[in-house]
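*Asks:*
Residue numbers (the numbering used here), protein chains in the order written: chain D, 2 to 292; chain H, 2 to 292.
Here it is, written out as structure tokens:
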């Protein structure tokens, strides 16, 4: 096992909301490694948490996490699942977290990457090793190629290239994992609202005829920001994304292969096939440049 | 008078919706030049149109426009006011327009700049000269400096610089005249939805605590895209922008001085002062680089 890859001891999984934490925990258990869930109060799904060895803790109780994770013998830590950016006023820090509060306050004044990489450094200074969910559960990564029954047209490909260009251009500003492009026209750019809400906006613009496009046209393009720490925040898609893309009248979805995660690949593709949408895994930028 | 500036004959003003066409027509009349309004059916305000020499025409009736404008002796043309991107299916072109339809169809498959500069070229090929509304009515341009009773803080200035950076980066993709940045975090990027709707989204994100910011923080930043044809589509602000920015909990508005237009400057500043928001006219990029 290489020095940079995950180790073999018990793995701490800090669990936010949604299904991902449990898909990852199942994959880890299946690989023969013990997952220990650190479920965040208010976010993690209690029924699913109960299926695994676990502890509950408050978001700002880093001291409690550190003590329990050390007791459990966890050196590697995965952070996965939905969480909102907290307000400082709402955090109720324990003593250890209090020590880090000035740094956390500075981190909160910035984009998501800035916040997450700063949080990651705090874990590492305390002897933990931050591991990407996709490193311990590679099955969640979306693969390359045409992934369902439908394929993108040449017209869709123009939209896909333009969307990837916008995401790359905005990367330095720590914004925009996703855009919608239709007929070469950038209809929507995602910032703090999230992909589903961006797609709902496109659906409304089309329904109200504020954007006039005839037929099933346009692509949702998602890819990690160029400088993003992939251990902490990979773009996600799922059958809800497919439903929202269909409502927006799009032709399909293109995501960066190996740089986008999905909790249930089979379910995703079944939904896309049924909705008549293509799902394309595009090669990551290095391979694209080499083409 | 230089060869590139507007001439002195009657000026054709192609009028979309909103107040701008009439502010421009009044300014032109006041300068001693005759405005002739070409009011677009379904968009221009009939009562206001009636105050000026005018003709009505359908959006795709270029032949009718060309004939009437030549009869009126108009060589210079201003296009101003709100209009939606039409659907090809909904256009009812006259014969002259029909001749241009293949080109228009191609222009519609692209961003706003692409569409507008292509339309501009069609006018020029027919012997008209396209003139910016701000060239014949310079009073609509937002000037430089702190423009109301409130001034941006150092914290706001960081957000302003970041917003200008995002707009510059997205310019090549013909998207994003406006962004909202708060505490260095890009909350929203405008694409097809328009500024008011983008601000409403920020208000909702904050109200639902999906974005957690305490107090009056964040800036709406608007500037023309770097490659934009300024004769056709300058960013606009007004008292509705101020109301939407206040609802979004922002500290103020920063726009490119000399590159943003407003229909009633005094009304804009009165609204901003009353709402406790700053309005800043930032120097255009060339001057910024020279600072």
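All C-beta atoms in this analysis are idealised placements derived from N, C-alpha and C, irrespective of residue type, glycine included.
1. Find the residues of chain H that neighbour residue 74 of chain D, judging by a C-beta separation of less than 7 angstroms, and give them in chain order.
2. Any C-beta of chain D within less than 7 angstroms: which residues of the region 181-197 of chain H qualify?
3. Applying a beta-carbon distance threshold of less than 7 angstroms, which residues of chain H neighbour residue 63 of chain D?
4. Is the beta carbon of residue 35 of chain D less than 9 angstroms from the beta carbon of residue 8 of chain D?
5. Should residue 219 of chain D go down as buried or exposed, given a rule of 16 or more other Cβ atoms within 10 Å for buried?
6. Could you pull out every residue in the same chain whose Cβ sits closer than 8 angstroms to the Cβ of residue 76 of chain H, ignoring the five residues on either side in sequence?
7. Going by alpha carbons, who is nearest to residue 170 of chain H out of H:228, H:15, H:197?
8. Are any of the Cβ atoms in chain D nearer than 9 angstroms to that of residue 171 of chain H?
9. Counting C-beta neighbours from all protein chains within 10 Å, is the total for residue 291 of chain D 16 or more, i.e. buried, or is it exposed?
10. Distance check for residue 24 of chain D and residue 159 of chain D, CA to CA, integer angstroms please.
11. Can you tell which of D:40, D:186, D:198, D:139 has its C-alpha closest to the C-alpha of residue 82 of chain D?
12. Helix, strand or coil for residue 33 of chain D? Go by DSSP, reduced to three states.
13. Please tell me whether residue 147 of chain H has its Cβ less than 9 angstroms away from any Cβ of chain D.
14. Check whether the Cβ atoms of residue 79 of chain D and residue 161 of chain D lie closer than 9 angstroms to each other.
15. In angstroms, rounded to a whole number, what distance separates the CA positions of residue 124 of chain D and residue 178 of chain D?
16. From the beta carbon of residue 8 of chain H, is the nearest beta carbon of chain D less than 9 angstroms away?
17. Residues in the region 237-262 of chain H with C-beta within 7 angstroms of chain D's C-beta atoms, listed in sequence order?
18. If you reduce the DSSP assignment to three classes, tell me which class residue 261 of chain H lands in.
19. Report buried or exposed for residue 273 of chain D, applying the criterion of at least 16 other Cβ atoms within 10 angstroms of its Cβ.
20. What does a CB cutoff of less than 7 angstroms around residue 93 of chain D pick up in its chain, not counting 5 residues either side in sequence?
21. Out of H:105, H:97, H:138, which has the shortest C-alpha to C-alpha gap to residue 29 of chain H?
22. Going along chain H, which residues have a C-beta under 7 angstroms from residue 174 of chain D?
23. In three-state DSSP terms, what is residue 218 of chain H?
24. Output yes if chain D places a C-beta closer than 9 angstroms to the C-beta of residue 42 of chain H; else output no.
25. Mind checking whether the beta-carbon of residue 206 of chain D lies closer than 8 angstroms to any heavy atom of the ligand GDP?
26. From the DSSP secondary-structure annotation, give me the bridge partner or partners of residue 189 of chain H.
27. Compute the beta-carbon to beta-carbon distance between residue 115 of chain H and residue 48 of chain H, rounded to the nearest angstrom, for a pair I have assumed lies under 8 angstroms.
28. Quick one: grab the DSSP three-state call for residue 14 of chain D.
29. Looking at the C-beta of residue 177 of chain H, does it have a partner C-beta in chain D at a distance below 9 angstroms?
30. Using a Cβ cut-off of 9 angstroms (strictly closer), state whether residue 52 of chain H contacts chain D.
31. Find the nearest neighbour of residue 249 of chain H within the set H:18, H:180, H:200, judged by alpha-carbon distance.
32. Can you tell me whether residue 4 of chain H is buried or exposed, with buried defined as 16 or more other CB within 10 angstroms of its CB?
33. Between the region 202-224 of chain D and chain H, which residues of the former have a C-beta closer than 9 angstroms to a C-beta of the latter?
34. State buried or exposed for residue 275 of chain H, treating a residue as buried only when at least 16 other CB atoms are found within 10 Å of its CB.
35. Taking residue 187 of chain D as the reference, give the member of D:206, D:193, D:37, D:173 with the closest Cα.
36. If you count every other CB in all the chains shown that lies within 10 Å of the CB of residue 189 of chain D, and 16 or more means buried, which is it?
*Replies:* The short version:
1. None at all; the shortest Cβ gap to chain H is about 35 angstroms.
2. Those residues of the region 181-197 of chain H that come within reach of chain D (Cβ to Cβ, closer than 7 angstroms) are 184, 185, 186, 187, 188, 189, 190, 192, 193, 194.
3. Result: empty, since nearest Cβ-Cβ is about 19 angstroms, beyond 7 angstroms.
4. no
5. buried
6. 8, 10, 128, 129, 130
7. H:228
8. Yes, residue 171 of chain H counts as interfacial toward chain D.
9. Because residue 291 of chain D carries a pLDDT of 46, less than 50, the predicted location of this residue cannot be relied on, and no value is offered for it.
10. A direct Cα-Cα distance of roughly 34 angstroms separates residue 159 of chain D from residue 24 of chain D.
11. That would be D:40, whose Cα lies nearest to the Cα of residue 82 of chain D.
12. coil
13. No, its Cβ sits nowhere closer than 9 angstroms to a Cβ of chain D.
14. no
15. 25 angstroms
16. no
17. Near chain D, meaning a CB-to-CB distance below 7 angstroms, no residue of the region 237-262 of chain H qualifies.
18. Reduced to three states, the DSSP call for residue 261 of chain H is coil.
19. buried
20. 59, 61
21. H:138
22. 163, 166, 167, 170, 187
23. coil
24. no
25. Of ligands this structure carries none, so the ligand GDP is not represented either.
26. Per DSSP, H:181.
27. So it is not a contact: roughly 34 angstroms between Cβ atoms.
28. strand
29. Taking 9 angstroms as the threshold, the shortest C-beta distance from residue 177 of chain H to chain D falls below it.
30. no
31. H:200
32. Bear in mind that the predicted position of residue 4 of chain H carries a pLDDT of just 45, short of 50, making it unreliable; the figure below should be weighed with that in mind. With fewer than 16 other Cβ atoms within 10 Å, it is exposed.
33. 202, 203, 205, 206, 210, 211, 212, 213, 214, 215
34. Per the 10 Å Cβ criterion, exposed.
35. D:206
36. With 16 or more other Cβ atoms within 10 Å, it is buried.
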